[in-house]
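Here the protein sequences come in this chain order: A and B.
Start counting at 1 in the first sequence, then tack on 242, and there's your number in our numbering.
Start counting at 1 in the second sequence, then tack on 242, and there's your number in our numbering.
Here a beta-carbon is modelled for each residue, glycine too, at the ideal position from N, C-alpha and C.
The structure appears right after this line, and notes come after that.
Protein chains: 2
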Amino acid sequence: MQKPTNGELEILRLLWQESPATVRQINDRINANRRKGQKEVGYTTTLKLMQIMADKDLVSRTREGKTHLYSPNISEAESQQALVDRLLETAFQGSAMKLVMKALGSSQSSPQELDEIRRYLDQLSDEKSSDR
Amino acid sequence: MQKPTNGELEILRLLWQESPATVRQINDRINANRRKGQKEVGYTTTLKLMQIMADKDLVSRTREGKTHLYSPNISEAESQQALVDRLLETAFQGSAMKLVMKALGSSQSSPQELDEIRRYLDQLSDEKSSDR
DNA sequence: TTGTTATTACGAAAGCTTTCGTATATAATT
DNA sequence: AATTATATACGAAAGCTTTCGTAATAACAA
Numbered sequence: 243m244q245k246p247t248n249g250e251l252e253i254l255r256l257l258w259q260e261s262p263a264t265v266r267q268i269n270d271r272i273n274a275n276r277r278k279g280q281k282e283v284g285y286t287t288t289l290k291l292m293q294i295m296a297d298k299d300l301v302s303r304t305r306e307g308k309t310h311l312y313s314p315n316i317s318e319a320e321s322q323q324a325l326v327d328r329l330l331e332t333a334f335q336g337s338a339m340k341l342v343m344k345a346l347g348s349s350q351s352s353p354q355e356l357d358e359i360r361r362y363l364d365q366l367s368d369e370k371s372s373d374r
Numbered sequence: 243m244q245k246p247t248n249g250e251l252e253i254l255r256l257l258w259q260e261s262p263a264t265v266r267q268i269n270d271r272i273n274a275n276r277r278k279g280q281k282e283v284g285y286t287t288t289l290k291l292m293q294i295m296a297d298k299d300l301v302s303r304t305r306e307g308k309t310h311l312y313s314p315n316i317s318e319a320e321s322q323q324a325l326v327d328r329l330l331e332t333a334f335q336g337s338a339m340k341l342v343m344k345a346l347g348s349s350q351s352s353p354q355e356l357d358e359i360r361r362y363l364d365q366l367s368d369e370k371s372s373d374r
């Protein structure tokens, strides 16, 4: 499985939200998300991109009457993991800690979320002390 | 300040480790990091890239005898923050928590690091409860 | 049937990043 | 001074992603 480009990632995100979907649906949603002043993406542009993604096996498609229905071939979780791993390697010298701090610092997480992270940390610590 | 490309980011990383540096030094280190079988990057390739970066104001340079000395114009912290923010937006719908969990899950952090993150979480919680 | 509309297929242009060859300048060496 | 080595400047090619025009196809309506 290969690394999706930016354009491909945008389409994958939409497919993760709702799939299967037609090219028309995806293209409409892409343009709905465009902020004012930004040029619209042509239908055939989206079509071509999705055809290429099918070639690369990033998505699969089935004929449904006149149109094609597309579904993602990689899960969101899988892809998030790959993105995080790459960011860790390229920008944080593999230090998850530094990345975590930057992520927490920038966004306002709720106390509940912080608690959940604590629980996860505890779980990790437990695994470490018992895995031998 | 604009978003660095992949190649530019590689050079910035090296400059963050040690600057100022010459094109020769950077190019040598780029090739030293190349894993076996991977084609070497030509000197003029690196030169051109660094010239472009100077045009874009990603780096600044001063003449030093025959050569140029390059320094980064953005800090590592600043750039890491930008990368994390972008990843948060594009791949995690803004949920720092999900990103944090993925980051922690993939890499083996030491118990010390996990503790440090706990302290940081506590600090964040304190700020929340006292900032009104 | 005939015309209209929506879809796919596909080649090629446009745009951006990376790579490289060549010319030119500058310093060091013999 | 002549040669050699190393640097910069720069245009252009190579490679990849994105965009678009056009043609072929299928469904639908008049």
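- Message: With H, G and I counted as helix, E and B as strand and the rest as coil, what does DSSP make of residue 277(A)?
- Response: coil
- Run of the beta strand (DSSP E) containing residue 318(A), from where it starts to where it stops: Taken as a continuous stretch (DSSP letters only), residue 318(A) belongs to no beta strand (DSSP E), being part of the alpha helix (DSSP H) at 318 to 333.
- Message: Can you list, in chain order, the residues of its chain with a C-beta nearer than 8 Å to that of residue 362(A)? Leave out the 5 residues immediately preceding and following it.
- Response: none
- Task: Sort 369(B), 295(B), 353(B) and 266(B) by Cα distance to residue 356(A) and report the nearest one.
- Result: 369(B)
- Message: For a test of the three-state rule: what should DSSP assign to residue 355(A), helix, strand or coil?
- Response: helix
- Starting from residue 283(B) and walking both ways along the beta strand (DSSP E), at which residues does that stretch end? Careful: residue 283(B) lies outside any beta strand (DSSP E) and carries neither H nor E.
- Item | chain B contact for residue 245(A) (CB, 7 Å cutoff) | no
- Task: Return the bridge partner residues of residue 262(B) from the DSSP annotation.
- Result: Bridge partners of residue 262(B): none, in fact.
- Message: Between which residues of its own chain and residue 273(A) is the CB-CB distance below 8 Å, once the five residues before and five after are set aside?
- Response: 282 and 283
- Query: List, in order along the chain, the chain A residues whose C-beta lies closer than 7 Å to that of residue 314(B)?
  - Reply: Here the premise fails: no neighbours, minimum Cβ distance about 13 Å.
- Query: Is there at least one Cβ from chain A nearer than 7 Å to residue 355(B)'s Cβ?
  - Reply: yes
- Task: Output yes if chain B places a C-beta closer than 7 Å to the C-beta of residue 268(A); else output no.
- Result: no
- Query: Between residue 259(B) and chain A, is there a C-beta pair that is closer than 7 Å?
  - Reply: no
- Query: What whole-angstrom Cβ distance do residue 376(B) and residue 326(A) have, given they're in contact under 8 Å?
  - Reply: Since the first residue shown for chain B is 243 and the last is 374, residue 376(B) is missing from the structure and cannot be characterised.
- Message: Residues of chain B with CB closer than 9 Å to the CB of residue 332(A), please, in chain order.
- Response: 248, 251, 252, 255 and 325
- Excluding five sequence neighbours on each side, which residues of the same chain lie with their C-beta closer than 8 Å to the C-beta of residue 316(B)? 243, 254 and 300
- When the distance is taken between beta carbons, is residue 312(A) closer than 7 Å to residue 305(A)? no
- Please say whether residue 251(B) and residue 268(B) have beta carbons closer to each other than 7 Å? no
- Message: Would residue 272(B) pass as an interface residue toward chain A - the criterion being a Cβ-Cβ separation below 7 Å?
- Response: no
- Span separating the alpha-carbon of residue 288(B) from that of residue 263(B): 13 Å
- Minimum C-alpha distance to residue 249(B) - residue among 292(B), 266(B), 343(B) and 318(B): 292(B)
- Query: Going by Cα to Cα distance, which pick from 309(B), 342(B) and 265(B) is closest to residue 338(A)?
  - Reply: 342(B)
- Message: Considering only their Cβ atoms, is the gap separating residue 331(B) from residue 258(B) smaller than 7 Å?
- Response: no
- Item | Where residue 309(A) falls: helix, strand or coil (DSSP) | strand
- Query: Contact check, residue 323(B) vs residue 348(A) under 8 Å by CB: the rounded distance?
  - Reply: 6 Å
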